[in-house]
Amino acid sequence: MTTAQKETLGFQTEVKQLLNLMIHSLYSNKEIFLRELVSNASDAADKLRFLALQNGDLYAGDANLRVRISADKDAKTVTISDNGIGMTREEVINSLGTIAKSGTAEFFQNLSGDQAKDSQLIGQFGVGFYSAFIVADAVTVVTRKAGEEKAVEWHSKGEGEFTLAEVEKASRGTDIILHLREDEGEFLEEYRLRSIVTKYSDHISIPVEMYKQPVEESEGPDGEKIPAQPGEWEAINRATALWTRDKSEVSDEEYKEFYKHVGHDWEEPLTWAHNKVEGKTEYTSLLYIPKKAPFDLWNRDRQSGLKLYVQRVFIMDDAEQFMPSYLRFVKGLLDSNDLPLNVSREILQDNKITQAIRKGCTSRVLKMLDRMGKNKPEEYQTFWNEFGKVLKEGPAEDISNKEAIAKLLRFSSTHTDESTENVSLEQYIERMKDGQDKIYYVVADSFEAAKSSPHLEIFRKKGIEVLLMADRVDEWMMSHLTEFNEKQFASITRGDLDLGDLDDEETKKAQEESEKEVEGLVERIQTVLGDKVKEVRFTHRLTDSPACVVVDDNDMSSQMQKLMESVGQAVPEAKPIFELNPEHQLVKHLNVEQDEDKFAQWSDVLLDQALLAERGSLKDPAAFVAKLNKLMLDLSK
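Position in the sequence shown (first residue = 1) + 491 = the working numbering.
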């Protein structure tokens, strides 16, 4: 191999930080470096197999794809070689010199300096190649892209820069040479490398080979001749696609290790489902629920989806057509017998087979989550904490599965102590009060704001449970989720309050009496406030607060207005309905106020207070403070 003049380049800033962590032995389980590099080599073989469907010349007479591992004790190197797709110079720079992945800034902000916690973050981020620096003080990569004549050599000691040089390489593919640290000699032992491959990479669908040394002719214990055996490469893994095996033949450990390969994750999955579907549409699916959300889960440009195989031939990564967006956290693969080998993303988009598989996979995931919620509530809580906000997109996106998705939703409520304590809709209905026919909820900017909403006062007094919602997606979700198990949802901040059978006649009579005491006040305030409000009226939803604002049943809620404005949408102005508590002392004081200027100021302050409690902000907070200060000074005289 001849080498041209070398060029020295610097790593991207994020890579420098990452390498620093790797070099300082962030991982306690060092052997996983081999799993990561073998997994990358397998992916390279899959990509070549797919491209060769259109251009068989890429094989160049060598269609037997494999990964080879060798150790050189004298040079203290371990080499992982594949005859997969290989890389061009530009691809080497993009793949090994930068982290071309969204969420890098947030990733590094979350690093705490705690090695155990940071190792989990790196695994969640998914940077397999750089794990080579756990055991190596220098790494050399020699790679030649299939169909190209020239190869490129990449070399780095993980100290902030790397070198590139154009070199000669006899065949396509990639060789990764690890120059091991002095204290990592165990990985030069053949038995150690074999045991790691057996443990982590037995499921790889192409052979992972090691060289079997030649054996000279010898004599057995009984004098018989044992013939010589030539040296040869032999497969040390099963080399059978795991998903093609019967479920009864696959252990939990094998499923978990395969997930780490297919999901590029270092954590074990929460659960999985392996199914072979036969009939009108035939396919095999292996679907996993991760334990941790990726950092770029909310990035619009993030690629997500399942690995797609057709008749065991890899076709594409991130086939998003088989899983709805609200289940974009699901990882795994599909192997279809019905799709053509030359299928493209465009063909998949409106394909009837795709639609049938998508429907089946969606149902499978929802059932898998339902079982977890019922049988393993602690694991489901872990899932909900990571992916609950994504699942909340479901009722709007997937009308046909709205009821199944609703069963999976979890909410804080007035009957739970913390925002992390959740209740399902089925649990809520089980403990509804006699005579209650609605599921009550409130949406606010935060859990604290929801929990302290003045609209809750009458519900607390009567012991009626109210769901507390504080995620940005909640208002959007509730606009599409109108009922569950034949119980209507009712926002406690919308429309007139009607508790139905939960109100007794004695209470209603007392409310009427309190309204008579301040009769005429509504008209006075309506005149003063004018077009600031849609309507002024009395309410009995309050017990401690003097006033609140609600929206008309047909108007857009304040939370929905904020959501629309946050994405740049113009929203029509919806004037609030101003409700007064006739039993509150401030309202009674306002009723006897004869000074019209003070009456107007008190009316404005009460309205602004109610708006502040509901929306968390005011259009003119300075004016509110000035009016409040003036009234306080007047009272102090």
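Note that CB positions come from ideal geometry on N, CA and C, so glycine has one too.
Between ASN842 and the ligand MG, is there a pair consisting of the residue's CB and a ligand heavy atom that are separated by less than 6 Å?
Here there are no bound small molecules, and the ligand MG is not part of this structure.
Below 8 Å on the Cβ atoms is my guess for ARG1042 versus PHE1029; work out the distance and round it to an integer in Å.
Along the sequence shown, read from residue 1 onward, the residue named residue 1042 stands at position 551. Along the sequence shown, read from residue 1 onward, the residue named residue 1029 stands at position 538. According to the sequence displayed, residue 1042 carries Val and not Arg. Not really, about 17 Å apart at Cβ, beyond 8 Å.
Counting pairs of beta carbons, one from the region 952 to 963 and one from the region 1002 to 1016, are three or more of them closer than 8 Å?
no
Touch check for the region 550 to 566 and the region 694 to 709: three-plus C-beta pairs under 8 Å?
yes
Give the straight-line distance between the Cα atoms of SER610 and TRP757, rounded to the nearest whole angstrom.
What you label residue 610 is simply residue 119 of the sequence shown in a count that begins at 1. What you label residue 757 is simply residue 266 of the sequence shown in a count that begins at 1. Per-residue confidence for SER610 stands at a pLDDT of 49, beneath the threshold of 50, marking its modelled position as unreliable; no derived number is given.
Straight-line gap, ASP826 to GLY552 (C-alpha atoms, nearest Å):
For the purposes of this step, residue 826 is taken as residue 335 along the sequence shown, with counting starting at 1. For the purposes of this step, residue 552 is taken as residue 61 along the sequence shown, with counting starting at 1. Spanning the two alpha carbons is a distance of roughly 27 Å.
For ASN546 and LYS843, what's the separation of their Cα atoms in angstroms?
The residue given as residue 546 occupies position 55 in the sequence shown. The residue given as residue 843 occupies position 352 in the sequence shown. Their backbone Cα atoms lie some 28 Å apart in a straight line.
Excluding sequence positions up to five away, which residues of its chain have a Cβ less than 8 Å from the Cβ of MET807?
Taking the sequence shown and counting its residues from 1, the one referred to as residue 807 is at position 316. Hits under 8 Å: PHE541, LYS798, LEU799, ARG836.
Unbroken beta strand (DSSP E) run spanning LEU655, endpoints
Locating residue 655 in the sequence shown gives position 164, counting from the first residue. That run of the beta strand (DSSP E) goes 652 to 658.
In three-state terms, what does DSSP make of THR595?
One-based indexing of the sequence shown puts residue 595 at position 104. With a pLDDT of only 47 at THR595, under the threshold of 50, the placement of this residue in the model should not be trusted, and no figure is reported.
Short of 8 Å in beta carbon distance, which residues of its chain neighbour LEU824, apart from the five on each side in sequence? Order them along the chain.
By one-based count along the sequence shown, residue 824 stands at place 333. The residues are TRP734, VAL753, SER776, LEU777, LEU797, LYS798, LEU799, TYR800.
Between LEU549, TRP1093, GLU1003, which lies nearest to PRO1073 when the distance is taken from Cα to Cα?
Counting from one through the sequence shown, the residue named residue 1073 turns up at place 582. Per the Cα distances, GLU1003.
Cβ-based burial, THR634 [other Cβ within 10 Å; buried from 16]
Position 143 of the sequence shown, counted from the first residue, corresponds to residue 634. Buried.
Inter-stretch contact (C-beta, 8 Å, three-pair minimum) for the region 1112 to 1122 and the region 1052 to 1072:
no
In three-state DSSP terms, what is TRP1093?
Numbered from its first residue, the sequence shown carries residue 1093 at position 602. TRP1093 falls in the helix class under three-state DSSP.
Going along the chain, which residues of its own chain have a beta-carbon closer than 6 Å to the beta-carbon of HIS1075, five neighbours each way excluded?
Locating residue 1075 in the sequence shown gives position 584, where the first residue counts as 1. PRO1037, listed in sequence order.
In chain order, what residues of the same chain lie with their CB nearer than 6 Å to the CB of ILE687, ignoring the 5 residues before and after it?
Numbered from 1 along the sequence shown, position 196 holds the residue referred to as residue 687. If we look at ILE687 and ignore the five residues flanking it on each side, its Cβ neighbours are GLU522, LEU525.
Put TRP875 into one of helix, strand or coil per three-state DSSP.
Within the sequence shown, residue 875 is the residue found at index 384, counting from 1. TRP875 falls in the helix class under three-state DSSP.
What does the alpha-carbon distance come out to for the pair PHE624 and VAL630?
The residue given as residue 624 occupies position 133 in the sequence shown. The residue given as residue 630 occupies position 139 in the sequence shown. Answer to the nearest angstrom: the Cα atoms are 7 Å apart.
If you count every other CB in all the chains shown that lies within 10 Å of the CB of ALA644, and 16 or more means buried, which is it?
Along the sequence shown, one-based indexing puts residue 644 at 153. The question names Ala, yet the displayed sequence has Glu at residue 644. Per the 10 Å Cβ criterion, buried.
Can we say the region 1019 to 1027 touches the region 891 to 905, given the rule of at least three CB pairs closer than 8 Å?
no
Look at the alpha carbon of LEU899 and the alpha carbon of GLY864, and state the distance between them as a whole number of angstroms.
By 1-based counting over the sequence shown, the position of residue 899 is 408. By 1-based counting over the sequence shown, the position of residue 864 is 373. The straight-line gap from Cα to Cα measures roughly 7 Å.
Within its chain, find whatever has a CB closer than 6 Å to the CB of GLU527; leave out the 5 residues flanking it on each side and keep chain order.
The sequence position of residue 527 within the sequence shown is 36, counting from 1. Cβ within range, chain order: GLY619, SER622.
If we call anything under 7 Å between Cβ atoms a contact, is ALA897 one with PHE813?
Taking the sequence shown and counting its residues from 1, one reaches residue 897 at position 406. Taking the sequence shown and counting its residues from 1, one reaches residue 813 at position 322. Cβ atoms of ALA897 and PHE813: not closer than 7 Å.
Pair every Cβ in the region 559 to 578 with every Cβ in the region 531 to 539, then say whether three or more of these pairs are closer than 8 Å.
yes
Please identify the residue among GLU650, ALA627, SER662 whose C-alpha is closest to the C-alpha of GLU640.
Taking the first residue of the sequence shown as position 1, residue 640 is located at position 149. It is SER662 whose Cα lies nearest to the Cα of GLU640.
Would you call the region 938 to 956 in contact with the region 970 to 986, where contact means no fewer than 3 C-beta pairs closer than 8 Å?
yes
Distance check for LEU860 and TYR871, CA to CA, integer angstroms please.
On the sequence shown, residue 871 is found 380 positions in, with the first residue counted as 1. On the sequence shown, residue 860 is found 369 positions in, with the first residue counted as 1. Answer to the nearest angstrom: the Cα atoms are 8 Å apart.
Sequence-distant residues of the same chain with beta carbon closer than 6 Å to LYS782, five excluded per side:
To locate residue 782, count along the sequence shown from 1; it is residue 291. Counting only Cβ-Cβ distances below 6 Å, and skipping sequence neighbours, we find GLU758, LEU761.
My understanding is that LEU1109 touches LEU1103, with C-beta atoms under 8 Å, so please give their C-beta distance in whole angstroms.
Numbered from 1 along the sequence shown, position 618 holds the residue referred to as residue 1109. Numbered from 1 along the sequence shown, position 612 holds the residue referred to as residue 1103. So it is a contact: roughly 6 Å between Cβ atoms.
If we ignore side chains and look at the alpha-carbon of each, how far apart do GLY879 and VAL821 end up?
Residue 879 sits at position 388 when you count from the first residue of the sequence shown. Residue 821 sits at position 330 when you count from the first residue of the sequence shown. Taking the straight line from one Cα to the other gives about 13 Å.
Near SER516, which residues of its chain fall below 8 Å by C-beta distance, leaving aside the five closest residues on each side in sequence?
Residue 516 sits at position 25 when you count from the first residue of the sequence shown. Because SER516 sits at a pLDDT of 46, beneath the cut-off of 50, its placement in the model cannot be relied upon, and the point is left open.
Report yes if the CB atom of GLU725 is closer than 7 Å to the CB atom of LYS703, and no otherwise.
By one-based count along the sequence shown, residue 725 stands at place 234. By one-based count along the sequence shown, residue 703 stands at place 212. Yes; because the gap between Cβ atoms is below 7 Å, this pair is in contact.
Going by other Cβ atoms of all chains shown within 10 Å of its Cβ, with 16 needed for buried, is MET1123 buried or exposed?
Counted from its first residue, the sequence shown places residue 1123 at position 632. Its Cβ having fewer than 16 others within 10 Å, MET1123 is exposed.
Let's see if you can read the secondary structure: which residues bound the alpha helix (DSSP H) around VAL529?
Within the sequence shown, the letter at position 38 stands for residue 529. Per DSSP, VAL529 belongs to the alpha helix (DSSP H) from 523 to 542.
Three-state secondary structure assigned by DSSP to GLY614
For the purposes of this step, residue 614 is identified with residue 123 of the sequence shown, where counting begins at 1. Residue placement at GLY614 is flagged as unreliable, the pLDDT there being 46, under the threshold of 50; a coordinate-derived value is accordingly withheld.
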